[in-house]
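What follows is a short report on a single structure.
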Amino acid sequence: MLTKARTLQNLRNTLRYGSVLPLSVFTVKDWDANRLACFDKIKSDLKDSDLFIVRSSSTKEDQNNNSSAGTFDSILNVKKDNFAEAISQVIESYGQNSSPQDEILIQPMLNNVTMSGVLFTHCPKTGSPYYIINYNLFGDTEAVTSGNGDCHTQFIAHNTNETLSHEFTALVSLTQELMEKLNNPSLDIEFAFNSEGDLFLFQARPLISKENTNNINNFKNTLGCIKERFQKSCVKHPYLYGDRTLLGIMPDWNPAEIIGIQPKPLALSLYKELITDGTWAYQRDNYGYRNLRSFPLLIDLVGLPYIDIRVSFNSFLPKGLPSDLAKRLTNYYLDELEQNPHLHDKVEFDILFSCYTFDLPQRLQKLKEYFFTDEDINTLSSSLKNLTNSIIHAEEGLWVKDAKKVDEVKRRHKEIFFNPDFDDLTKIYWLIEDCKRYGTLPFAGLARAAFIAAQLLQSMVDVEILTPEDHLAFLNSLDSISTNMTKDFTSFDREHFLQKYGHLRPGTYDILSSRYDETPDSYFDWKTEHTDKLRTNIEFRLSLSQMKLVEKLLKEHGLEHDVVGLFSFMKSAIEGRENSKFIFTKSLSDVLSLIKKYGAENSISPEDLAFLDIKDLIKSYSSSWDIKTEILNSIKASKENYKLTQQVILPPLITKAGDIESFELPEIHPNFITKNIVTANTLTDLEKTDNMENTIVFIPSADPGYDWLFTRKIAGFVTAYGGINSHMSIRAAELNIPAIIGAGKVLYEKWSAASKIHIDCEKQRVEIVA
């Protein structure tokens, strides 16, 4: 097998689409035998340079089964007088088991670097046929490999017909040339461009990745189908405002947060059945927004869940808004998101006007920059005010009715789940039906009310009636599931605790995620004495002057509340949202348990059941077909389809058809919770619960099934997905735990790879310590 140096030596002066810098190569044996001869060789091979790089080229590097990337030293910016010291340092990094045939590779430093990075010919984790380019635009040739630079990530599907930049076109051409010359389709390539646009190859080694078993033509056809589906979604619709759509994984009901970006079919189909096929639209219609019933909110692109953002934005238009204004407003929202993709997890806070707040008149002035008139603004403001008043009224508000419905799902759950005359499939059917009507529908309403409460609360900070400290104190005063769980864990016995909280599971919709009561020891430390002083709910108080200011604001803005009623609404709405989710997830969790039980009785493993479509079980209630055969056929087909799901990589926000084959992964601006500062070791493996205390825990989503973490004295946590109004955001604020919600794929992977990080929530900064 060729070494790094010999590979470059063989490629030098043979490449059509790139260049290899001059190089000088000798072995450790050569160096030990005659250093002067090595110096003469360097002088002969490398003439017109002042600064050099002394690189490792070990026989243990760049092998098919082990790259040893980053294991050995390379020394940059070495002057001729310092060759001996740099060479010795590289040889020393080879260690005691070095071989006399290990080499030293010396090249001139490349000047005027404008872009540098690393290209993988496939996704290392899945083998997916994408060129993945990690690059830096500041001339630092080690920024990508060291992980310390400001880097970008570009995905380009193999055989794409999309128009690429000069740099990416050159890189793809060079890559294809290298794959052919080295007779290897899986390569890890280091490169750089200089200011004249010339491309230089620094390294080409085997990429250790999962084998891709899918035919490239099948893959290309799959991307073509996704493109076609996106283009169909963009067609103008007589019942929708907006000239086109965007697709995203985080706006509105945020599937990335709740079920993940590659959910198994059972989790995806349950989420669609319970929320995004119909329930979501019924709730919006009930609360005074535009009627979008019959429009699914979630579109799955070969199993990848995306929100149809045009449909979502239409659903936030108040009923009765003039058509011309509604159309212009929807297009404005879509344009704003396309121009500010980093806001796609914050659309309701930073783009949409979906409720009335104390700072709304000021925020609406922005519309004048986009040719909205004063009449337009007054019409929208009045509509939002009427809608908000109808929702938040203390006695007749829509949220009050929804809060009362939650008790009904508890009663009906008992009647169904413990009915001795019902078989498991009948129970599954009725638990799902009741969960939609009395569980997720009122939960959706309370979630809307809680969002309005959060907006009103924040607006009081923005108009300087409340301080940021008041805002935090209010959240800390809430009595929520997470605070109660922490208290109950210290005071309940094991049986009583699991009886109350046992139905919870990380990954609420995931049958492969065990419930708390199924594997309690993996979640909770029952042995340690919990003698810490419990966090008592802070009593939030307004000063007399603040109360008078709020009262004045309510009258000036025409909001039908008194001060006490307003704060009572905000408290009840936020607590009600958390409580309603806690209750409806019991029905959902029991559905998953019943499916698992049915599988055990019919020799179908939970791993296979994860590929089931819930509609196949639902239709069995009104059918006489052999349900087991139907299920097995469904699972078999879903497994094949899921192979493609795992292969496809798409951006978090799709704005045009071309994004499906070529896109840059955005670095999202995360949400920092609390104003705390913490420095701690990181933990990414949640099975290592013994080492959890005082660590910063990394979890993929902001799903409330992770509440058990708060019993483990963690120092903080980071999620890949989730918004400022997500469940875990609220929990972090309530418990005053520093957290980063919705870091995005790029930052999440960068920070989780570190062994220790420093988080400053107030300054919204993260530093890698080690």
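Residue numbering for the sequence shown is 1398 to 2167, as defined by this note's numbering. In this text, a Cβ means the ideal position worked out from N, Cα and C, and glycines have one as well. Everything numeric in this text was worked out from a predicted model, so none of it was measured.
Quick one, which of Tyr1920, Leu1991 and Leu2009 has its alpha-carbon nearest tryptophan 2105's?
Numbered from 1 along the sequence shown, position 708 holds the residue referred to as residue 2105. When only C-alpha atoms are compared, the closest one is Tyr1920.
Spatial neighbours of lysine 2072 within its chain, please: CB distance less than 8 Å, with the 5 preceding and 5 following residues excluded, ordered by chain position.
Locating residue 2072 in the sequence shown gives position 675, where the first residue counts as 1. If we look at lysine 2072 and ignore the five residues flanking it on each side, its Cβ neighbours are Pro1865, Leu1869, Cys2158 and Glu2159.
Nearest by alpha-carbon distance to alanine 2156: which of Met2125, Pro2097 and Ile2093 is it?
As a first step, residue 2156 must be located in the sequence shown, where it is residue number 759. Just to set this straight, residue 2156 is isoleucine in the shown sequence, not alanine. Of Met2125, Pro2097 and Ile2093, the residue nearest in Cα terms is Ile2093.
Please say whether asparagine 1612 and glycine 1685 have beta carbons closer to each other than 9 Å?
Looking up residue 1685 in the sequence shown gives position 288. Looking up residue 1612 in the sequence shown gives position 215. The answer is no: Cβ separation not under 9 Å.
Around the C-beta of serine 1709, are 16 or more other C-beta atoms found within 10 angstroms, so that it is buried, or is it exposed?
Here the question's residue 1709 lines up with position 312 in the sequence shown. Label assigned to serine 1709: buried.
For lysine 2153 and alanine 2077, I'd like the C-alpha separation in whole angstroms.
Translated into positions along the sequence shown, residue 2153 becomes position 756. Translated into positions along the sequence shown, residue 2077 becomes position 680. One C-alpha to the other measures close to 6 Å.
Counting only the same chain and skipping the five closest in sequence on each side, list residues whose C-beta sits under 6 Å from that of leucine 1667.
Working through the sequence shown from its first residue, we reach residue 1667 at position 270. Within the same chain, leucine 1667 has close Cβ partners Tyr1906 and Ile2011.
Output the distance between the C-alpha atoms of histidine 1741 and threonine 1727, rounded to the nearest integer angstrom.
As a working mapping, residue 1741 is identified with position 344 in the sequence shown. As a working mapping, residue 1727 is identified with position 330 in the sequence shown. Answer to the nearest angstrom: the Cα atoms are 15 Å apart.
Cutting at 6 Å between CB atoms, please list the residues of its own chain near arginine 1452, excluding the five before and the five after it.
What you label residue 1452 is simply residue 55 of the sequence shown in a count that begins at 1. Closer than 6 Å at the Cβ level, and outside the excluded window around arginine 1452, lie Ser1471 and Leu1502.
By DSSP's criteria, arginine 1602 is part of a beta bridge. Which residues make up the other side?
The residue given as residue 1602 occupies position 205 in the sequence shown. In the DSSP output, where bridge partners are listed per residue, arginine 1602 has Asp1585.
When the Cα atoms are used, what is the spatial distance from lysine 1930 to glutamate 2090?
Your numbering for residue 1930 matches position 533 in the sequence shown. Your numbering for residue 2090 matches position 693 in the sequence shown. Residue placement at lysine 1930 is poorly supported in this model, since its pLDDT is 45, which falls under 50; the coordinates still yield a value, given next. Their backbone Cα atoms lie some 16 Å apart in a straight line.
According to the neighbour-count rule (16 or more other Cβ atoms, all chains shown, within 10 Å of its Cβ), is glycine 1842 buried or exposed?
Residue mapping note: residue 1842 aligns to position 445 of the sequence shown, counting from 1. The residue is buried, with at least 16 neighbouring Cβ atoms inside 10 Å.
Could you tell me which uninterrupted alpha helix (DSSP H) segments, each at least 4 residues in length, are contained entirely in the stretch 1918–2005, listed from first to last along the chain?
With a minimum length of 4 residues, the continuous alpha helix (DSSP H) runs that stay inside the stretch 1918–2005 are 1941–1954 and 1960–1998.
Go ahead and pull the three-state DSSP assignment for cysteine 1832.
The count along the sequence shown starts at 1 and reaches residue 1832 at position 435. If DSSP states are grouped into helix, strand and coil, cysteine 1832 belongs with the helices.
Does DSSP classify histidine 1555 as helix, strand or coil?
Counting from one through the sequence shown, the residue named residue 1555 turns up at place 158. Correct three-state label for histidine 1555: coil.
Hey, how far is the Cα of histidine 1790 from the Cα of methionine 1967?
If you number the sequence shown from 1, residue 1790 lands on position 393. If you number the sequence shown from 1, residue 1967 lands on position 570. The straight-line gap from Cα to Cα measures roughly 11 Å.
Opposite arginine 2177 in the DSSP bridges: which residues?
In the structure displayed, the chain extends from 1398 to 2167; residue 2177 sits before or after that span and is not available.
State buried or exposed for lysine 1629, treating a residue as buried only when at least 16 other CB atoms are found within 10 Å of its CB.
As a working note, residue 1629 is residue 232 in the sequence shown. By the 10 Å Cβ count, lysine 1629 comes out exposed.
Assuming isoleucine 1658 and leucine 1701 are in contact, meaning their beta carbons sit under 8 Å apart, how far apart are those beta carbons, in whole angstroms?
Taking the first residue of the sequence shown as position 1, residue 1658 is located at position 261. Taking the first residue of the sequence shown as position 1, residue 1701 is located at position 304. Contact holds; Cβ gap of about 7 Å.
Report yes or no: do the stretch 1510–1522 and the stretch 1561–1572 share at least 3 C-beta pairs separated by less than 8 Å?
Contact between the stretch 1510–1522 and the stretch 1561–1572 is present, because at least three Cβ pairs lie under 8 Å.
With distances taken Cα to Cα, identify the nearest neighbour of threonine 1698 among Thr2116, Ala2054 and Gln1680.
Sequence index remark: in the sequence shown, residue 1698 carries index 301 (1-based). Note on residue identity: the sequence assigns leucine, not threonine, to residue 1698. Leucine 1698 has its Cα closest to that of Ala2054, out of Thr2116, Ala2054 and Gln1680.
Which residues mark the beginning and the end of the beta strand (DSSP E) in which glycine 2113 is found?
Counting from 1 along the sequence shown, the entry for residue 2113 is found at position 716. Counting along the chain, the beta strand (DSSP E) containing glycine 2113 begins and ends at 2113–2116.
Whose CA, out of Ile1484, Leu1939 and Phe1840, lies closest to the CA of glutamine 1680?
Looking up residue 1680 in the sequence shown gives position 283. Of the candidates Ile1484, Leu1939 and Phe1840, the one whose C-alpha sits nearest the C-alpha of glutamine 1680 is Phe1840.
Touch check for the stretch 1760–1779 and the stretch 1814–1825: three-plus C-beta pairs under 8 Å?
Counting Cβ pairs under 8 Å, fewer than three are found: no touch.
Between the alpha carbons of asparagine 1558 and arginine 1834, how many angstroms are there, rounded?
Here residue 1558 refers to the residue found at position 161 when the sequence shown is read from its first residue. Here residue 1834 refers to the residue found at position 437 when the sequence shown is read from its first residue. Those two C-alpha atoms are separated by around 47 Å.
Whole angstroms is fine: what's the gap from alanine 1402's alpha carbon to glutamate 1500's?
Position 5 of the sequence shown, counting from 1, holds the residue named residue 1402. Position 103 of the sequence shown, counting from 1, holds the residue named residue 1500. Spanning the two alpha carbons is a distance of roughly 8 Å.
Taking C-beta to C-beta, are histidine 1342 and glutamate 1972 nearer than 9 Å?
This structure cannot settle anything about residue 1342, because the visible part of the chain is limited to 1398 through 2167.
Using 8 Å as the Cβ pair cut-off and three pairs as the minimum, do the stretch 2026–2037 and the stretch 1629–1640 touch?
No: fewer than three Cβ pairs fall under 8 Å.
Run through the DSSP bridge pairs and tell me what alanine 2136 is partnered with.
Position 739 of the sequence shown, counted from the start, is the residue given in the question as residue 2136. According to DSSP, alanine 2136 bridges with Ile2070 and Phe2114.
Can you look up alanine 1567 in the DSSP assignment and give me helix, strand or coil?
Start at 1 with the first residue of the sequence shown, and residue 1567 comes out as number 170. DSSP places alanine 1567 in helix when its eight states are reduced to three.
Going by beta carbon distance, what residues of the same chain come within less than 8 Å of asparagine 1508, once the five residues before and after it are set aside?
Taking the sequence shown and counting its residues from 1, the one referred to as residue 1508 is at position 111. If we look at asparagine 1508 and ignore the five residues flanking it on each side, its Cβ neighbours are Asn1591.
Using three-state DSSP, classify glutamate 1593 as helix, strand or coil.
The sequence position of residue 1593 within the sequence shown is 196, counting from 1. DSSP places glutamate 1593 in coil when its eight states are reduced to three.
Mapping the DSSP letters down to three states, classify serine 1879 as helix, strand or coil.
One-based indexing of the sequence shown puts residue 1879 at position 482. Residue state, collapsed to three classes: helix.
Per DSSP, which one or two residues make a beta bridge with lysine 2153?
Reading the sequence shown from its first residue, position 756 is the one you call residue 2153. Asn2078, per the DSSP bridge assignment.
Could you check whether proline 1652 and proline 1662 sit closer than 9 Å to each other, using their CB atoms as the reference points?
The residue given as residue 1662 occupies position 265 in the sequence shown. The residue given as residue 1652 occupies position 255 in the sequence shown. No, the pair does not count as a contact, with Cβ atoms beyond the cut-off.
Could you say if the stretch 2031–2047 and the stretch 1617–1628 meet the contact criterion of at least three C-beta pairs nearer than 8 Å?
Touching, yes, given that three or more Cβ pairs across the two stretches are closer than 8 Å.
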